[in-house]
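Notes to accompany the following structure.
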Amino acid sequence: MQSIDQIADQIIAREGGYVNDPDDPGGATNHGVTLATLRRLGLDLTGDGRVTAADVRRLTPEQAREIYVQHYFHRPGLGGLPEPLQASVFDMHVNAGANAVRVLQRLLNDMGEALAVDGALGPATLAAARRAADAAPGLIADAYGIARRNYYYALADARPASRKYARRRDGGKGGWILRAEEFIAPRFRLTEAQHRERTAAWA
2 MQSIDQIADQ
12 IIAREGGYVN
22 DPDDPGGATN
32 HGVTLATLRR
42 LGLDLTGDGR
52 VTAADVRRLT
62 PEQAREIYVQ
72 HYFHRPGLGG
82 LPEPLQASVF
92 DMHVNAGANA
102 VRVLQRLLND
112 MGEALAVDGA
122 LGPATLAAAR
132 RAADAAPGLI
142 ADAYGIARRN
152 YYYALADARP
162 ASRKYARRRD
172 GGKGGWILRA
182 EEFIAPRFRL
192 TEAQHRERTA
202 AWA
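Every number in our numbering is 1 more than the matching position in the sequence shown, counting from 1.
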């Protein structure tokens, strides 16, 4: 089993360095950490009394790891999830915030639970996740990864500006889809043809 620090380092590698994409609602990010996160945590890394994009640029991978482990894994209670779910939910929590938990709650409801889809990992959600993992120990991570992939496709359906994250210019799988499929067994990953069919309606 990987340590949480190792999983966090892999997330940092996926996120890359400093980016300020006008189509990204998160705004300026570095190692995946957004300006909004630095402001929420009050991290003035330049010491000028303000938290701006300059502080985002100053963020180190080590600081990003600490933020992820403390605020995106421990604080929301991801350690209470079954081990097969932890890495993917952690990765998506960094990428999409509480929607990572909402995707899980919807999946569990599809499996027969009756959870509030509130994005909070309370006792009911954790117990339901454990039941699901016990019922399908070799498949729960795949089921979550597929639900996550579907979330990204649906987001791109609804927001054309986000489609570049789900589909490359050449029509292949974009970063969102590849990222979700890192946590899905090869037999459940879409072929390129299936991906192109799924996105054919996009302009």
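Idealized CB from N, CA, C, for every residue including glycine. Since we're looking at a predicted model, the values are computed, not measured.
Query                                                                                                                                                        : Result
Looking at the structure shown, is R40 part of a helix, part of a strand, or coil, going by DSSP?                                                            : helix
How many whole angstroms separate the CB atoms of N100 and Y152, which I take to be in contact at a CB cut-off of 8 Å?                                       : 7 Å
Which residues mark the beginning and the end of the alpha helix (DSSP H) in which F91 is found?                                                             : 84 to 97
Relative to the C-alpha of G113, which residue among A14, Y69, A133 is closest?                                                                              : A133
For R1, which three-state DSSP category applies?                                                                                                             : Absent from the structure is residue 1, since the part of the chain shown begins at 2 and ends at 204.
Could you tell me the distance, in whole angstroms, from the CA atom of R58 to the CA atom of N31?                                                           : 6 Å
Considering just the uninterrupted stretch of the alpha helix (DSSP H) at I68, what are its terminal residues?                                               : 62 to 68
Is the beta carbon of A121 closer than 8 Å to that of V102?                                                                                                  : yes
Using only the alpha-carbon positions, how far apart do D143 and A186 sit?                                                                                   : 6 Å
By Cβ distance, which residues of its chain are closer than 7 Å to Q106, with the 5 residues on each side in sequence left out?                              : L116, V118, T126
Give the straight-line distance between the Cα atoms of A191 and G43, rounded to the nearest whole angstrom.                                                 : Here residue 191 is Leu; the residue named in the question, Ala, does not match the sequence. So the two alpha carbons sit approximately 41 Å from each other.
Would you say A194 and I178 are within 8 Å of each other, going by their C-beta atoms?                                                                       : no
Among G172, W203, R170, F184, which has the Cα closest to the Cα of A155?                                                                                    : W203
Hey, would you say D24 sits closer than 8 Å to A162, going by beta carbons?                                                                                  : yes
Compare the Cα-Cα distances from Y69 to each of P83, A136, G33, L140 and report the closest residue.                                                         : G33
Thinking C-alpha only, which one of G28, G173, Y19, L79 is nearest R131?                                                                                     : L79
Please determine if the stretch 87 to 94 and the stretch 44 to 55 are in contact, where contact requires at least 3 C-beta pairs separated by less than 8 Å. : no
Should R164 and R15 be called a contact, given that it needs their Cβ atoms to be closer than 8 Å?                                                           : no
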